[in-house]
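Notes follow once the structure below has been shown.
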Amino acid sequence: MLDSNKEDLLKFAVQGEIVPAIPLRNYWVTWDGKPKMAIGVGGINYNLKVGGKVFGWANGDRAEPGVATDGTGPDSWKTGYRLYSCIGNKVRVLSGEGKGESGVVIGKHGLRAFQQRGAHHVLVHFEDDVLDMLAIGDKMQVKVCGVGLKIDDFEDIRLLSLSPILLDNMGIEVRDGKLEVPVVKEIPNFLISQGAGERPSEMGNWSIQTCYPPDIERFGLDDLRFGDVVLLKDVQSDYGRGQYKGGATIGIVCCGPSDISGKGIGATNIISTRSGKISGRIDPQANIAQYLGLTV
Amino acid sequence: MFKTNSDSLIITAVQGVIQPPSSRGYSVTWDGSPKLSIGTASISYSVQIGDLAYGQASADHIEPGVTIQGRDKPVPSECALAILACIGNEAKVVSGDAKGAKGVFTGRHAGSDDMVWFPEEVLEKLALLDTIQIKACGVGIKIEGFDDVRFNKLSPRLLQNMGISVEDDQLVVPIAKEVPGFLMGSGIGSDPCMETNDYDIQTTCPEYVDEYRLKEVRLGDIVAIRDHYCGYGRGRYEGATTIGVVIHGWSDSSGHGPGVNPVISAYPGKIKTRLDPHANIAYYLGLRNKP
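In order, the protein sequence lines correspond to chains A and B. Just so we're aligned, residue 32 is where the first sequence starts under our numbering, counting upward by one. Just so we're aligned, residue 7 is where the second sequence starts under our numbering, counting upward by one.
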């Protein structure tokens with residue numbers, strides 16, 4: 032296990048609620064100019080789960096696993112919820128039939144962090160019996176822990192939206208002065224698209240484009256599962272996201288593919304470097320469901 | 007040469023007002039430094055279409071000329087100006103000391119801003135919040151025999167003056183620079199509505215900046231983006247070519263850089279390019295004399 036400053040981290044509460052699905056009345060337009068009634072962003076997705084395949088869902092477009100939540104109250108409170116929640120943090124249900132039950136943060140999906148418009152979702156996993164008790168609008172409280180997390184002797188590595196429990200369980204090893212991270216797949220930079228230019232990196236996600244169909248088979252994108260750990264090559268996410276030769280970002284798959292130009296499979300960034308100090312070790316089992324002990 | 011359907015295009019009025027600049031204090035650059043950025047909105051007296059997109063002190067996303075925003079909807083990018091105005095359309099000042107003066111629409115910067123060029127003597131008379139009206143014309147424009155090529159935000163005037171020729175059933179477009187698709191950042195994957203969005207050539211990796219000589223890019227340059235198709239949205243398609251106009255300047259924010267309005271896009275085999283250092287709308291639209 033890596034040495035980190037986890038004993039120094041603040042633990043505090045942020046509050047949100049389950050937000051509804053956000054279909055577009057006028058259809059999305061796909062990369063090749065076709066109308067699409069997309070489904071899967073927002074709400075409670077009963078049959079999309081961490082550990083499950085991202086491809087193959089009818090009309091799915093950036094479909095999210097589990098329960099989509101967002102902050103409540105004034106914009107600044109919402110920002111706190113989106114910014115501070117970390118993957119692996121515990122979530123307590125505060126209202127409704129599921130009151131008192133608990134879940135786990137499994138990803139962040141959203142864009143245009145600086146705007147209030149659009150989706151800014153903190154995704155939460157609940158076991159099936161709890162899922163059936165939940166309703167849109169139910170209040171949630173996240174016990175936040177992870178902001179400021181650092182690995183000893185890797186001061187220039189940025190850890191983002193990453194809880195200490197996930198960091199400890201990811202099987203990361205130090206080899207030749209680099210962090211060697213078990214990953215399901217390495218993604219070349221020319222597939223990595225939306226998310227570039229977005230900041231702060233603690234909000235939202237990167238996208239792995241699926242709008243050029245031959246890429247899907249060529250890079251095995253249809254093997255990916257929600258919650259998979261992937262290595263995004265030659266991009267950095269230190270203080271905002273961008274292409275960076277020699278940089279690397281570790282991401283957690285947080286949403287399914289898209290037929291819209293420049294969009295695709297989402298990856299919530301959790302570890303970033305500009306100095307080349309991250310390498311991947313291919314492990315088909317590198318998924319947060321296993322690391323966080325979630326039923327799949 | 008080629009024939010367009012310009013006689014069948016609708017010409018309609020759209021309007022905006024000169025937008026005052028604002029600031030949120032320091033932003034954070036790609037390498038984690040604070041920066042007080044300047045350059046968006048307002049009237050730019052010192053930077054115009056045809057100038058370098060790089061090198062102005064503290065500049066970020068600098069918008070040449072005059073920046074206007076629509077007021078007919080609460081969000082500027084949903085206004086008629088944002089959707090219908092095309093590069094090369096005629097602009098007219100309809101209020102204030104410069105009333106009656108003419109200018110040219112030069113592009114749209116996704117967040118909020120539409121940009122208009124005016125001669126220097128007109129800039130001196132303009133005031134923030136003056137109203138500008140554009141004769142919008144270009145939506146639906148096509149070149150005969152190229153129905154599968156997508157044209158966007160392109161006035162008939164610019165299309166005619168870009169030096170495009172036809173060779174072996176392909177359009178040959180003069181370009182000032184070629185950019186690989188992977189360098190395209192902020193704006194990629196956003197709203198499929200091509201008309202309202204630009205996307206940025208990322209200038210936040212020094213190695214790529216040198217490799218692709220991005221400090222040479224000029225405002226108004228015609229550029230080719232390789233392996234990107236921008237018919238409905240902006241994204242990857244191997245072998246496709248997108249032709250764009252550089253509409254704003256450099257940035258130090260990760261994933262940002264000079265913005266490009268895609269104006270012509272096609273699947274592989276429809277567009278060829280030819281390097282021409284003067285492939286810039288400043289010359290094509292008569293905003294400055296060719297050296």
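Glycine residues also receive a C-beta, built at the ideal position from the N, C-alpha and C atoms.
If distances are taken between C-alpha atoms only, which option among B:T248, B:Q54, B:I24 comes closest to G187 of chain B? By 1-based counting over the second sequence, the position of residue 187 of chain B is 181. It is B:T248.
What are the complete alpha helix (DSSP H) segments, minimum 4 residues, inside the stretch 73 to 150 of chain B? Whole alpha helix (DSSP H) segments, 4+ residues: 86 to 90, 126 to 129.
Distance check for T241 of chain A and A94 of chain A, CA to CA, integer angstroms please. Residue numbering aside, residue 94 of chain A sits at position 63 when the first sequence is read from its first letter. Residue numbering aside, residue 241 of chain A sits at position 210 when the first sequence is read from its first letter. Taking the straight line from one Cα to the other gives about 13 angstroms.
Neighbour list for L189 of chain B in chain A, Cβ cutoff strictly below 8 angstroms: Residue mapping note: residue 189 of chain B aligns to position 183 of the second sequence, counting from 1. Correct list: Q274.
Given that Y243 of chain B touches chain A, what residues does it touch there, using C-beta distances under 8 angstroms? By one-based count along the second sequence, residue 243 of chain B stands at place 237. What Y243 of chain B touches in chain A: W62, C242, Y243.
T241 of chain A, DSSP secondary structure in three states: The count along the first sequence starts at 1 and reaches residue 241 of chain A at position 210. Three-state result, T241 of chain A: coil.
So which of A:S289, A:N236, A:L191 has the shortest CA-CA distance to P244 of chain A? If you number the first sequence from 1, residue 244 of chain A lands on position 213. Answer by Cα proximity: A:S289.
For N90 of chain A and V99 of chain B, I'd like the C-alpha separation in whole angstroms. On the first sequence, residue 90 of chain A is found 59 positions in, with the first residue counted as 1. On the second sequence, residue 99 of chain B is found 93 positions in, with the first residue counted as 1. Distance between the alpha carbons of N90 of chain A and V99 of chain B is about 47 angstroms.
Taking the alpha-carbon of S161 of chain B as reference, which of B:I149, B:S29, B:P180 has the nearest alpha-carbon? Position 155 of the second sequence holds residue 161 of chain B. Nearest of B:I149, B:S29, B:P180 to S161 of chain B, Cα basis: B:I149.
Mind listing the chain A neighbours of V34 of chain B? Cutoff is C-beta to C-beta under 9 angstroms, in chain order. Looking up residue 34 of chain B in the second sequence gives position 28. Contact of V34 of chain B with chain A by beta-carbon distance below 9 angstroms involves R230, P231, Y270, G271.
Suppose the cutoff is 7 angstroms on Cβ atoms and the five residues either side in sequence are ignored; what does the same chain contact list for G138 of chain A look like? Start at 1 with the first residue of the first sequence, and residue 138 of chain A comes out as number 107. Once the five neighbours on either side are set aside, the close Cβ partners of G138 of chain A are I118, L154, I283, C285, T299.
Whose C-beta lies closer than 7 angstroms to the C-beta of K130 of chain A among residues of the same chain, with five residues either side of it excluded? The sequence position of residue 130 of chain A within the first sequence is 99, counting from 1. Result list for K130 of chain A: V124, in chain order.
Quick check: what's the CA-CA separation for N318 of chain A versus K42 of chain A? Looking up residue 318 of chain A in the first sequence gives position 287. Looking up residue 42 of chain A in the first sequence gives position 11. If you take the alpha carbons of N318 of chain A and K42 of chain A, they lie about 25 angstroms apart.
To test your reading of the DSSP string, which unbroken beta strand (DSSP E) runs of 3 or more residues are found completely within the stretch 186 to 234 of chain A? 204 to 206, 209 to 214, 216 to 218, 225 to 228
Rounded to whole angstroms, what is the Cα-Cα separation between P66 of chain A and W59 of chain A? By 1-based counting over the first sequence, the position of residue 66 of chain A is 35. By 1-based counting over the first sequence, the position of residue 59 of chain A is 28. Their backbone Cα atoms lie some 6 angstroms apart in a straight line.
Alpha carbon to alpha carbon, how far is P125 of chain B from A63 of chain B? Give it in angstroms, no decimals. Start at 1 with the first residue of the second sequence, and residue 63 of chain B comes out as number 57. Start at 1 with the first residue of the second sequence, and residue 125 of chain B comes out as number 119. Rounded to whole angstroms, the gap between the alpha carbons of A63 of chain B and P125 of chain B is 23 angstroms.
Start and end of the alpha helix (DSSP H) containing L165 of chain B? Taking the first residue of the second sequence as 1, we reach residue 165 of chain B at position 159. Looking at the DSSP string, the run of the alpha helix (DSSP H) that includes L165 of chain B is 162 to 167.
Could you say if the stretch 117 to 131 of chain B and the stretch 83 to 99 of chain B meet the contact criterion of at least three C-beta pairs nearer than 8 angstroms? Yes, the stretch 117 to 131 of chain B is in contact with the stretch 83 to 99 of chain B.
Mind checking the stretch 229 to 256 of chain B against chain A and listing, in chain order, the residues whose C-beta falls within less than 8 angstroms of any C-beta there? D233, Y235, C236, G237, Y238, G239, R240, G241, R242, Y243, E244
The stretch 207 to 229 of chain B: which residues have C-beta closer than 7 angstroms to a C-beta of chain A, in chain order? Residues are counted here when their Cβ sits less than 7 angstroms from a Cβ of chain A; for the stretch 207 to 229 of chain B these are Q208, T210, C211, E213, Y214, given in chain order.
Would you report the Cα separation of K108 of chain B and G297 of chain A, rounded to the nearest angstrom? Here residue 108 of chain B refers to the residue found at position 102 when the second sequence is read from its first residue. Here residue 297 of chain A refers to the residue found at position 266 when the first sequence is read from its first residue. Between K108 of chain B and G297 of chain A, the alpha-carbon positions lie close to 46 angstroms from each other.
Which value, in whole angstroms, describes the spacing of the CA atoms of R249 of chain A and T35 of chain B? Your numbering for residue 249 of chain A matches position 218 in the first sequence. Your numbering for residue 35 of chain B matches position 29 in the second sequence. Approximately 35 angstroms between the Cα atoms of the pair.
Using 10 angstroms around the beta-carbon of E217 of chain B, count the other beta-carbons present and answer buried if the total reaches 16, otherwise exposed. Residue 217 of chain B sits at position 211 when you count from the first residue of the second sequence. Label assigned to E217 of chain B: exposed.
Report all residues from its chain with a CB closer than 6 angstroms to the CB of S12 of chain B; omit the five preceding and five following residues, and keep chain order. Against the second sequence, residue 12 of chain B aligns to sequence position 6. Answer for S12 of chain B: P162, listed in chain order.
Could you please give the first and the last residue of the uninterrupted alpha helix (DSSP H) stretch that includes Y290 of chain B? Counting from 1 along the second sequence, the entry for residue 290 of chain B is found at position 284. Looking at the DSSP string, the run of the alpha helix (DSSP H) that includes Y290 of chain B is 287 to 290.
Measuring alpha carbon to alpha carbon, tell me which residue in A:V135, A:L165, A:G97 is nearest E128 of chain A. Taking the first residue of the first sequence as 1, we reach residue 128 of chain A at position 97. Checking every option, the nearest Cα to that of E128 of chain A belongs to A:L165.
Return the Cβ separation of V122 of chain A and Q172 of chain A in integer angstroms, given the expectation that the two are a contact with Cβ distance under 8 angstroms. Along the first sequence, one-based indexing puts residue 122 of chain A at 91. Along the first sequence, one-based indexing puts residue 172 of chain A at 141. The C-beta distance from V122 of chain A to Q172 of chain A rounds to 7 angstroms, short enough to fall under 8 angstroms.
Taking a cut of 7 angstroms between CB atoms, which residues from the stretch 287 to 319 of chain A lie near chain B? Residues passing the 7 angstroms Cβ filter: I291, S292, G293, K294.
Taking 8 angstroms as the cut-off, decide whether the C-beta atoms of G191 of chain B and D206 of chain B are in contact. Walking along the second sequence from the start, residue 191 of chain B turns up at place 185. Walking along the second sequence from the start, residue 206 of chain B turns up at place 200. Result yes, Cβ atoms of G191 of chain B and D206 of chain B sit closer than 8 angstroms.
Check whether the stretch 301 to 321 of chain A and the stretch 178 to 190 of chain A are in contact - that is, three or more C-beta pairs closer than 8 angstroms. Segments in contact, yes.
Please give me, in chain order, every unbroken run of the beta strand (DSSP E) with length at least 3 that falls completely inside the stretch 223 to 282 of chain B. 228 to 235, 241 to 252, 265 to 272, 277 to 281
Nearest-angstrom Cα separation, counted from G151 of chain B out to E217 of chain A: Within the first sequence, the letter at position 186 stands for residue 217 of chain A. Within the second sequence, the letter at position 145 stands for residue 151 of chain B. Distance between the alpha carbons of E217 of chain A and G151 of chain B: 42 angstroms.
For chain B, check one thing: does any of its Cβ atoms lie closer than 8 angstroms to the Cβ of N57 of chain A? Along the first sequence, one-based indexing puts residue 57 of chain A at 26. It does not: the Cβ of N57 of chain A has no partner Cβ on chain B nearer than 8 angstroms.
So which of B:Y243, B:H254, B:G241, B:R232 has the shortest CA-CA distance to G56 of chain B? For the purposes of this step, residue 56 of chain B is identified with residue 50 of the second sequence, where counting begins at 1. Nearest of B:Y243, B:H254, B:G241, B:R232 to G56 of chain B, Cα basis: B:H254.
Determine the DSSP secondary structure at I53 of chain A, reduced to helix, strand or coil. In the first sequence, the residue the question calls residue 53 of chain A occupies position 22. I53 of chain A: coil per DSSP, three-state reduction.
Backbone CA spacing between A142 of chain B and G94 of chain B [nearest angstrom]: In the second sequence, residue 142 of chain B corresponds to position 136, counting from 1. In the second sequence, residue 94 of chain B corresponds to position 88, counting from 1. Answer to the nearest angstrom: the Cα atoms are 9 angstroms apart.
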